[in-house]
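Student:
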Amino acid sequence: AQSVTQLGSHVSVSEGALVLLRCNYSSSVPPYLFWYVQYPNQGLQLLLKYTSAATLVKGINGFEAEFKKSETSFHLTKPSAHMSDAAEYFCAVTPSGGYQKVTFGTGTKLQVIP
Amino acid sequence: DGGITQSPKYLFRKEGQNVTLSCEQNLNHDAMYWYRQDPGQGLRLIYYSQIVNDFQKGDIAEGYSVSREKKESFPLTVTSAQKNPTAFYLCASSEGGRNTEAFFGQGTRLTVV
């Protein structure tokens, strides 16, 4: 079985401040991990994914995430928030066997304050 | 451009009626998925299909039906048996197998009136 927990359903940051969105996972086998972003009334877009090649993963729009096995975490960060980053972010986990068994977290809405 | 197209974007249904949501992809992906999204609950898997003419129930399949007669198409029917159908529905596709991610459509917002 696998699961993800996203701490904080809503996060607010000031424009230019550090963005930190938290994701902890549970998996009985080595996982693949994903971060997706969703803008209002739209589908999800992949930000980045971890597939065991490197623990620090860089994605689009300046986001990155670090896989920490000892902490079972895959937190998403961005050094400086931009107004356009306001969206909902989803962490997802799947066993290395394939996407079809992916489990999504409940999402974190990011608000960026000017 | 390759991608996934969901239609319509907004859909209104009267109680007791069936309604079908369309999902088409031209990415040549083997696997397709339907999710339901409700506020604060993330995405929940309704049905998925890994190959033409085959599909499996997800976590919340009751009150829904699907077909996969063509590789590029995976329509979802919301039946009158679904007691709370008002939601945002997302279709996705992936290559299948290991090390793949899903590509999502823009969603259909279904409202029961």
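Protein chains in written order, with the working numbering: chain A, 1006 to 1119; chain B, 2 to 114.
Glycine included, every Cβ here is placed at the ideal spot set by N, Cα and C.
(1) Alpha carbon to alpha carbon, how far is Lys1054/A from Asn1046/A?
(2) Using a 10 Å radius around the Cβ and a threshold of 16 neighbouring Cβ atoms, would you call Pro117/B buried or exposed?
(3) Looking at the secondary structure, which residues open and close the beta strand (DSSP E) in which Asn1029/A lies?
(4) Shorter than 8 angstroms from the beta carbon of Glu102/B to some beta carbon of chain A?
(5) Does Leu1051/A get closer than 8 angstroms to chain B when you measure Cβ to Cβ?
(6) What three-state label does DSSP hand Asp39/B in the structure shown?
(7) Using 8 angstroms as the threshold, is the C-beta distance between Leu91/B and Leu44/B below it?
(8) Evaluate the contact criterion for the stretch 1026-1043 of chain A versus the stretch 1085-1094 of chain A: three or more CB pairs, one atom per stretch, below 8 angstroms.
(9) For Ser1017/A, decide whether its Cβ has a neighbour in chain B, counting only Cβ atoms nearer than 8 angstroms.
(10) Could you name the residues of the stretch 1073-1095 of chain A whose beta carbon sits closer than 9 angstroms to any beta carbon of chain B, in the order they occur along the chain?
(11) Is Gln1/B close to chain A, meaning its C-beta is less than 8 angstroms from at least one C-beta of that chain?
(12) So, using beta-carbon positions, are Phe13/B and Thr109/B closer together than 8 angstroms?
(13) With DSSP as the reference, identify every bridge partner of Ala32/B, one or two as the case may be.
(14) What are the residues of the stretch 1034-1050 of chain A that lie near chain B, defined by any Cβ-Cβ distance shorter than 9 angstroms?
(15) Given a threshold of 16 other Cβ atoms within 10 Å of its Cβ, counted over all protein chains shown, does Pro1088/A qualify as buried or as exposed?
Tutor: For this structure:
(1) The sequence position of residue 1054/A within the first sequence is 49, counting from 1. The sequence position of residue 1046/A within the first sequence is 41, counting from 1. For Lys1054/A and Asn1046/A, the distance between alpha carbons rounds to 23 angstroms.
(2) Past the edges of chain B, shown from 2 to 114, lies residue 117/B, and the structure says nothing about it.
(3) For the purposes of this step, residue 1029/A is taken as the residue at position 24 of the first sequence. Note, Asn1029/A: beta strand (DSSP E), 1024-1032.
(4) Translated into positions along the second sequence, residue 102/B becomes position 101. Closer than 8 angstroms to some Cβ of chain A, the Cβ of Glu102/B qualifies, so yes.
(5) Along the first sequence, one-based indexing puts residue 1051/A at 46. Closer than 8 angstroms to some Cβ of chain B, the Cβ of Leu1051/A qualifies, so yes.
(6) Reading the second sequence from its first residue, position 38 is the one you call residue 39/B. The answer is coil: DSSP assigns Asp39/B none of H, G, I, E or B.
(7) Counted from its first residue, the second sequence places residue 91/B at position 90. Counted from its first residue, the second sequence places residue 44/B at position 43. Their beta carbons are under 8 angstroms apart, which means Leu91/B touches Leu44/B by this criterion.
(8) As far as the Cβ criterion goes, the stretch 1026-1043 of chain A touches the stretch 1085-1094 of chain A, which means the pair count is three or higher.
(9) Within the first sequence, residue 1017/A is the residue found at index 12, counting from 1. False, the Cβ-Cβ gap to chain B never drops below 8 angstroms.
(10) The stretch 1073-1095 of chain A vs chain B, Cβ under 9 angstroms: Phe1095.
(11) No information on residue 1/B is available, as it lies outside the stretch 2 to 114 that chain B covers here.
(12) What you label residue 13/B is simply residue 12 of the second sequence in a count that begins at 1. What you label residue 109/B is simply residue 108 of the second sequence in a count that begins at 1. No, Cβ-Cβ distance for Phe13/B and Thr109/B is not below 8 angstroms.
(13) Along the second sequence, one-based indexing puts residue 32/B at 31. Per the DSSP secondary-structure output, Ala32/B pairs in a beta bridge with Ser95/B.
(14) With the criterion set as a beta carbon lying under 9 angstroms from some beta carbon of chain B, the members of the stretch 1034-1050 of chain A are Tyr1037, Phe1039, Tyr1041, Gln1043, Asn1046, Gln1047, Gly1048, Leu1049, Gln1050, in sequence order.
(15) Taking the first residue of the first sequence as 1, we reach residue 1088/A at position 83. In the sequence on display, residue 1088/A carries Met and not Pro. For Met1088/A, the number of other beta carbons within 10 angstroms of its own is below 16, and it is reported as exposed.
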